[in-house]
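Here is the structure we will look at.
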Amino acid sequence: MPRLSPDHAIWEGPIWSNDDFREKYQVDEVLYVDEMLQFLTVKSPESLLVLSGINEMSGSPTFEASFSGIENFNINRSNLYPEIIDLRTFKTNFELDVMRYVIGISEDAHKVVMTATTPGSYEYQSEAQFLFYIYNNGGSRHAAYTSICGSGPNSAILHYGHAGSPNDRRIEDGDMCCYDMGAQYFGYAADITCSFPTNGVFTDDQKIVYNTVLNANRAAQAACRPGVRLTEVYNLALRTILQGLKDGGLLVGEIDDMMSAGLGRVFQPHGLSHFLGLDVHDVGAGVAGYKNHLPNRFIRAMLPGMVFTIEPGCYFIDPLLDEALNNPAQSRFIVGDVLERFRGSGGVRIEDVVLVNEEGVENLTPNLPRT
Ligand code: GLY
Ligand code: MN
Ligand code: MN
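For reference, each letter of the sequence shown is one residue, going 1 to 371 in the UniProt record's numbering.
Spelled out as C-alpha cells, the structure:
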C-alpha cells in the first residue's frame, strides 16, 4: 500500500493501517510500497509475477505493479495474466451472489423506467430514473456504463447516449425505445437491454421486428450449453433474424444464401455476446479464446461458470441499408418498398445475461417483461 501523508486524514478521514487491509483483503502480508525492495531482497524470490496483458476487446493494457528497485528482480510477465483471466472467466458462488444482486436491481430499475417512459418525456429522464433507482434502492452508486436510452430513430444507434448525443431527445408517441442500462455493485457489472414502444402498444411492424429479435434471443439461449461455441450460436441468431424478416415480408430468398452474402450484419452489425463480470466487456479474450474480430470473437467452448450476455438486435441503419441496396449480392434479397416502411423506425435489442451450468444456461435476467 502507498504510505499516505498524515494530511490525508484531514481531507479523507482516518488512514487505514496495514492490519486493516490485511483483514479486508484476507491476505497474508501487507507492506508499504517503500518497504517492498528490502522485504523482497531478504526473501530472494526466483521471480516476481506481474500482471501484464491487453484486454483484447478494449485494447487497454493492464496497469503493472511497480516499486522502486523492482528492476533488480527477475520479472515474469507471462504467467499471471492467463491465470487471472481464467479466475475472472469462471465465477465463484460468492461472485454469483453479487452478480445476481446487481442484475436484479437493474431488472427492477428497467421495469420502473419502462412504466415511467411516456410520450413527451425526454430520454434523459429515463436515464435519470434508472440512476436514481439503482442508487436509492440498490446502493449502487455507479452505473456499469453510460446509459443508452435511444427512442425513435435513436434506438438504432448502437452506443447512443454518449456525450455527443446525450439522451436528449423528446420521446414521441409510438416510438420504439431501446434502453441499454446496467448498474454496478461491488465492482461487478450488469448489462441489460429492454426494447418497448413508448405508449405500450406495438404496431404490426414493431411486432415483426420485436418478435424476430425475441426469437433470436430465445433460440440462442436454448442452443447454449457446455461444449458449444458462441460462433455457432451467433450464426443461429443471425439466421433467426433473417428468417423473421423474411416472414415479415422484408426479405426473399434462402437463408443459407443470405448468410453467405453477409446479410445478417446489415441488420445486426454487432456481436451476440461478451463476457460479463468486473468489466462490462470483461476479459476472457486471447487466453480464454475469444478474439477481437467481429463477429466470431468468442471462440472458446462454453463451460459451467461462465457468465455472458445474449444480445441479438435488429436495426434499420441508413448507411448499412444503402450499402446493401447498392450491393447486388445483397440487394437481391431485399424487398425495397417493404424495407422503406421500416426506415427511421430505429431498432430493437433484447439483452439478457446467462450463466452456463451443466445442462445449458440459466437466464440471470428472468424478471424482465419480454412478452
Ligand atoms: N452495453 C454495452 C453492451 O451491450 O455491450
Ligand atoms: Mn452487452
Ligand atoms: Mn448492453
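Glycine residues also receive a C-beta, built at the ideal position from the N, C-alpha and C atoms.
A quick note: this is a predicted structure, and the numbers were derived from the prediction, not measured.
- For Asn363, the enclosing beta strand (DSSP E) has its first and last residue at 361-363.
- A straight-line Cα-Cα distance of about 10 angstroms links Gln26 and Asp20.
- For the pair His270 and Tyr179, the CB atoms are not nearer than the 8 angstroms cut-off.
- Straight-line measurement puts the Cα of Arg239 at about 13 angstroms from the Cα of Ala223.
- DSSP lists no beta-bridge partner residue for Ala329.
- Residue range 352-356 is occupied by the beta strand (DSSP E) that includes Val356, with no alpha helix (DSSP H) assigned at that position.
- Counting along the chain, the unbroken alpha helix (DSSP H) around Ala109 starts and ends at 93-116.
- By the CB criterion at 8 angstroms, Val348 and Tyr210 fall inside the cutoff.
- Thr146 has its Cβ no nearer than 7 angstroms to any heavy atom of ligand 2.
- Pro304 is not a Cβ neighbour of Pro369, given a cutoff of 8 angstroms.
- Note on Leu4: under 16 other CB atoms within 10 angstroms of its CB, so exposed under the neighbour-count rule.
- The Cβ-Cβ distance between Cys149 and Gly161 falls below 8 angstroms.
- DSSP, read as helix, strand or coil, puts Ile54 in strand.
- Judged by DSSP in its simplified three-state form, His270 adopts coil rather than helix or strand.
- The Cβ atoms of Ser151 and Thr203 do not sit closer than 8 angstroms to each other.
- Less than 8 angstroms separates the beta-carbon of Leu51 from that of Glu64.
- In this structure, DSSP gives Arg239 a helical state, which the three-state scheme calls helix.
- In the same chain as Gly313, and ignoring 5 residues on each side of it, the C-beta atoms closer than 7 angstroms to its own belong to Val213, Gln268, His270, Gly347, Val348, Arg349, in chain order.
- If you look at Gln184, you'll find it in the beta strand (DSSP E) that goes 183-185.
- Ligand 1 has no heavy atom closer than 7 angstroms to the beta-carbon of Glu232.
- Counting along the chain, Gly336 sits inside no beta strand (DSSP E); it lies in the alpha helix (DSSP H) bounded by residues 336-342.
- Taking 7 angstroms as the cut-off, the C-beta of Thr309 counts as close to a heavy atom of ligand 2.
- The C-alpha of Ile192 is placed about 22 angstroms away from the C-alpha of Ser121.
- Val102 is not a Cβ neighbour of Phe130, given a cutoff of 8 angstroms.
- Judged by the Cβ position, Thr193 qualifies as a neighbour of ligand 3 at the 7 angstroms threshold, a heavy atom of the ligand being closer than this.
- Annotation: Arg218 to Asp168 spans about 32 angstroms, alpha carbon to alpha carbon.
- A distance criterion of 7 angstroms places the beta-carbon of His274 in contact range of ligand 2, judged by its closest non-hydrogen atom.
- Three or more Cβ pairs closer than 8 angstroms define a contact, and the segment 350-359 falls short of that threshold against the segment 229-249.
- In the three-state reduction of the DSSP assignment, Leu49 falls in the strand class, which pools E and B.
- In this structure, the straight-line span from the alpha carbon of Leu339 to that of Ile255 is close to 17 angstroms.
- Each residue's CA atom was taken as its position, placing Met302 and Ser58 some 22 angstroms apart.
- Note that the C-beta distance between Ser140 and Ile134 is below 8 angstroms.
- In the pairwise beta carbon analysis, the segment 245-253 is classified as not touching the segment 319-327: fewer than three pairs are separated by under 8 angstroms.
- Here Arg343 has Phe316 as same chain residues with Cβ atoms under 6 angstroms from its own Cβ, once five neighbours each way along the sequence are excluded.
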